[in-house]
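Single-structure report; data block below.
2 protein chains.
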Amino acid sequence: MISKLISEIKKKNAPIVVGLDPMLSYVPSHIQKKAFDECGETLEGAAEAIWRYNKGIVDAVYDLIPAVKPQIAMYEQFGIPGLQAFHRTVEYCKSKGLIVIGDIKRGDIGSTSQAYAVGHIGKVQVGSKVYAGFDEDFVTVNPYLGSDGVKPFVDICRQNDKGIFVLVKTSNPSSGEFQDRIVDGKPLYELVGEKVVEWGADCLDGDYSNVGAVVGATYPEQGKLLRKVMPKAFILVPGYGAQGGKGADLAYFFNEDGLGAIINSSRGIIAAYKQESYANYGEEGYADASRAAVLAMKEDIQSALDAR
Amino acid sequence: MISKLISEIKKKNAPIVVGLDPMLSYVPSHIQKKAFDECGETLEGAAEAIWRYNKGIVDAVYDLIPAVKPQIAMYEQFGIPGLQAFHRTVEYCKSKGLIVIGDIKRGDIGSTSQAYAVGHIGKVQVGSKVYAGFDEDFVTVNPYLGSDGVKPFVDICRQNDKGIFVLVKTSNPSSGEFQDRIVDGKPLYELVGEKVVEWGADCLDGDYSNVGAVVGATYPEQGKLLRKVMPKAFILVPGYGAQGGKGADLAYFFNEDGLGAIINSSRGIIAAYKQESYANYGEEGYADASRAAVLAMKEDIQSALDAR
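The listed protein sequences correspond, in order, to chains A and B.
Residue numbering for the first sequence follows the working numbering, beginning at 125 and increasing consecutively.
Residue numbering for the second sequence follows the working numbering, beginning at 125 and increasing consecutively.
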């Protein structure tokens with residue numbers, strides 16, 4: 125699956141993923157109104173609103189980007205109807221040729237991690253039939269439980285040509301509280317990075333492994349180190365844009381082949397119309413504002429890569 | 125919420141939680157057959173089968189136990205229909221007076237953790253209305269992202285009188301890979317335990333905090349230490365029974381007041397009929413076998429506490 129992602133990155137010339145993390149407050153009022161008129165001010169209405177909002181954005185940007193990353197929490201907050209909107213978003217994005225990274229950050233003891241892996245990137249047996257529950261292409265995985273919590277995901281990647289990104293150094297302000305603590309002279313995130321290399325060794329798909337890592341754009345120095353620690357791991361880089369990561373910080377996350385990283389922006393793209401620089405698009409033009417923001421992000425990252 | 129859990133533990137005289145972690149392979153064939161006859165060999169059929177299986181167990185044991193702990197992964201593997209069975213199970217258990225601990229092990233950056241907290245123990249605003257998506261009483265939380273990933277859960281506990289259990293030292297074989305690593309002379313799990321104390325300090329509900337911890341029965345020495353580190357944190361103890369934790373190992377997890385811990389058993393209870401000792405119940409008597417296993421577990425734990 126990582127070779128497919130790389131091929132799409134090359135084709136679109138954009139190491140970019142758009143985070144489909146809809147808050148109801150981002151959804152333009154005309155979309156909210158229509159959804160509430162049809163479904164009421166209900167969980168179903170909220171789910172319908174975020175689905176339509178997503179669809180508008182996807183239709184406006186799918187030709188520019190290789191992948192999307194829906195954050196399942198933003199859907200899960202609306203209960204079952206929200207998760208139905210997540211599923212619908214995954215399916216729609218795949219129908220538009222996009223690779224889908226399910227940002228689910230799951231992780232548990234072995235048999236339980238296996239159930240998550242089956243549900244999101246695998247297939248489940250029901251009597252004589254087999255089904256895929258959510259069927260994303262990649263998912264994010266939390267490593268706190270160690271190898272036996274991660275390996276069921278790796279096994280299923282191998283069986284189904286899927287991929288994972290393991291949380292190594294997250295983009296949030298307090299990520300250092302545990303991740304930066306020094307163990308045997310090295311920060312914990314580096315040990316996790318070394319494990320990512322180990323977990324991914326049997327999962328190569330071309331030059332890169334189907335086992336990648338998450339490293340926040342907000343920590344470029346750590347990105348530089350981790351790029352060296354995990355040469356064959358693709359790095360999913362959140363934290364660009366709204367969280368404060370800048371284009372110039374990102375060059376370190378890439379290998380010399382110009383590959384090895386994919387940069388996520390969520391709010392900065394999907395709620396671009398709320399920023400001063402795209403205010404002229406207005407609420408009605410939110411999807412076009414997202415398209416303009418993708419083009420600007422693409423240029424920003426290209427400049428950073430050119431300046432290396 | 126922790127005071128409500130304590131009062132139910134005292135009323136039922138059982139510091140026990142039954143893990144509702146249904147695998148399709150645990151569901152007796154007559155239940156599977158009926159569900160498949162009605163809904164086909166589909167995700168809906170699988171969801172119907174695990175829901176009926178759960179209901180049978182809950183009906184047989186609810187008068188003996190204070191709480192249940194459905195593991196959401198076991199439902200999520202069946203996609204949306206599976207999650208509907210999870211929701212139905214949560215609602216049914218609450219209607220039988222049981223406290224529901226959603227074993228969801230979520231955790232993300234701040235705004236995203238907030239969405240998870242809203243969806244599982246909080247309420248979400250939709251226009252002028254407010255809804256609870258899943259409405260468990262407690263959830264489990266992964267601490268790898270640090271304070272800003274945990275605090276949104278703590279805030280929502282305070283607002284809605286709910287509780288959380290933070291993963292500190294998990295029951296699985298490789299939990300030590302990161303959790304046992306020594307930082308400033310202490311294992312990482314101890315640092316996480318100290319943070320649990322900090323996070324829970326403003327969340328007291330009687331003698332205990334609504335912020336508890338998960339510590340596996342399979343690590344009694346670590347349980348002994350963590351009991352002292354976190355005197356006001358209730359400990360949710362998985363790993364008893366099928367995973368190898370024994371009654372005698374459990375005494376350390378309790379405080380001298382006989383409180384402070386609640387022991388989970390999943391497979392050992394819900395699939396008791398598959399064990400040699402309960403084989404005489406047969407598949408048809410699976411729920412009665414579960415009841416017998418709860419009674420045996422209750423006795424085992426009581427003996428361990430008496431022997432202190």
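Glycine residues also receive a C-beta, built at the ideal position from the N, C-alpha and C atoms.
Of the residues 411(A), 378(A), 258(A), the one placed nearest residue 130(A), counting alpha carbons only: 378(A)
For residue 369(A), the three-state DSSP class (helix, strand or coil): strand
Per DSSP, the bridge partner or partners of residue 388(A): 141(A)
Identity of the residue in 139(B), 133(B), 135(B) nearest residue 371(B) by Cα: 139(B)
Selection from 232(B), 249(B), 257(B) that minimises the alpha carbon distance to residue 271(B): 232(B)
Residue 154(B) burial status per 10 Å Cβ neighbour count (16 or more: buried): exposed
Anticipated Cβ contact below 8 angstroms, residue 327(B) with residue 278(B), distance rounded: 6 angstroms
Residue span of the alpha helix (DSSP H) that contains residue 252(A), given as start and end: Looking at the DSSP string, residue 252(A) is not in any alpha helix (DSSP H), and its letter there is neither H nor E.
Buried versus exposed, by CB contacts within 10 Å (16 or more), residue 181(B): buried
Segment contact flag, the segment 173 to 192 of chain A with the segment 156 to 164 of chain A, C-beta cutoff 8 angstroms, min 3 pairs: yes
CB contact flag (residue 375(A), residue 431(A), <8 angstroms): yes
Counted within 10 angstroms of its Cβ, other Cβ atoms place residue 380(A) as buried (16 or more) or exposed: exposed
Same chain only: Cβ atoms within 6 angstroms of residue 199(B), ignoring 5 sequence neighbours per side: 206, 207, 209, 210
6 angstroms CB neighbourhood of residue 134(B) in its chain, flanking five on each side removed: none
Ranges of the alpha helix (DSSP H) found wholly within the segment 203 to 255 of chain A, counting only runs of at least 4: 203 to 219, 234 to 245
Neighbour list for residue 211(A) in chain B, Cβ cutoff strictly below 9 angstroms: 203, 204
For residue 195(B): DSSP bridge partner residues: 227(B)
Distance CB(residue 337(B))-CB(residue 292(B)) smaller than 8 angstroms: yes
Complete beta strand (DSSP E) runs within the segment 309 to 362 of chain B (minimum length 3 residues, chain order): 332 to 339, 357 to 361
Minimum Cβ-Cβ distance from residue 193(B) to chain A less than 8 angstroms: no
8 angstroms Cβ cutoff, residue 219(A) in contact with chain B: no
Of the residues 165(A), 354(A), 329(A), 413(A), the one placed nearest residue 399(A), counting alpha carbons only: 413(A)
Residue environment, residue 369(B), which counts as buried when at least 16 other CB atoms sit within 10 Å: buried
Residues bridged to residue 293(A) (per DSSP): 339(A)
Alpha carbon of residue 297(B) to alpha carbon of residue 214(A), nearest angstrom: 34 angstroms
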